[in-house]
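Trainee: Below: one structure in structure tokens.
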Amino acid sequence: MKDKTIDYVLKTTWLAVTKMYNEEAAKFDSTMATGFALLSIDPEKGTPSTAMGPKMGMETTSLSRTLKSMEARGLIERKPNPEDGRGVLIFLTDFGKQKRAYSREKVLIFNDTIRKNVTDEQLKHFYEVAEVINNMISNKNIYNQKENSL
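The numbering of the sequence shown is UniProt numbering, which starts it at 1 and goes up by one.
Below is the structure:
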């Protein structure tokens, strides 16, 4: 893989992870996006709908479609936010909590399996590099540098 570009490795790895999670979710008539949304909702206090998009890195339209589907399947319910009359809190139903537990279990299995197959040092470096990439992108340090112009 050393001849591949960083973005190629990131993308192909993420596509493989997405495919794996979607295959697992499909066994229970679900999707990775639904599982991710379930894990992003506080199971006790609920979560403001406006906080979920940024938390999940999801566009508003995609999130809206996912939440609508989840509500139709009985996984979530929307309630007015008592602290913000215009806002809505998303709560898990009992069925949603069951599906959340299943999603959490799958994520933990994935993480445990990876941890058993890499050293602590390799994992530490992986997180360090991911943090550098995220910070550089967030701070617009990649395409806004004059010295990087072709």
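Just so it is clear, CB atoms sit at the ideal spot from N, CA and C, and this is done for glycine as well.
As the structure is a prediction and not an experimental result, all values here were calculated from the model.
Is the stretch 33 to 41 touching the stretch 69 to 83, taking contact as three or more C-beta pairs under 8 angstroms?
Mentor: yes
Trainee: From residue 91 to residue 66, what does the alpha carbon distance come to, in whole angstroms?
Mentor: 14 angstroms
Trainee: Where do the N-terminal and C-terminal ends of the alpha helix (DSSP H) with residue 68 fall, by residue?
Mentor: If you look at residue 68, you'll find it in the alpha helix (DSSP H) that goes 60 to 72.
Trainee: On the DSSP letters alone, give me the boundaries of the alpha helix (DSSP H) that residue 81 sits inside.
Mentor: Unbroken run through residue 81 is the beta strand (DSSP E), 76 to 81; no alpha helix (DSSP H).
Trainee: Can you pull the DSSP bridge partners for residue 89?
Mentor: 48, 79
Trainee: With 16 as the cutoff for other CB atoms within 10 Å, does residue 189 come out buried or exposed?
Mentor: Residue coverage of the chain in this structure runs from 1 to 150, which leaves residue 189 outside it and unanswerable.
Trainee: Is the beta carbon of residue 87 closer than 9 angstroms to that of residue 30?
Mentor: Cβ atoms of residue 30 and residue 87: not closer than 9 angstroms.
Trainee: What's the gap between the Cα of residue 100 and the Cα of residue 94?
Mentor: 10 angstroms
Trainee: For the alpha helix (DSSP H) containing residue 35, list its first residue and its last residue.
Mentor: 32 to 40
Trainee: Tell me whether the beta-carbon of residue 20 lies closer than 9 angstroms to the beta-carbon of residue 110.
Mentor: yes
Trainee: Would you list the one or two residues that DSSP bridges to residue 84?
Mentor: 81
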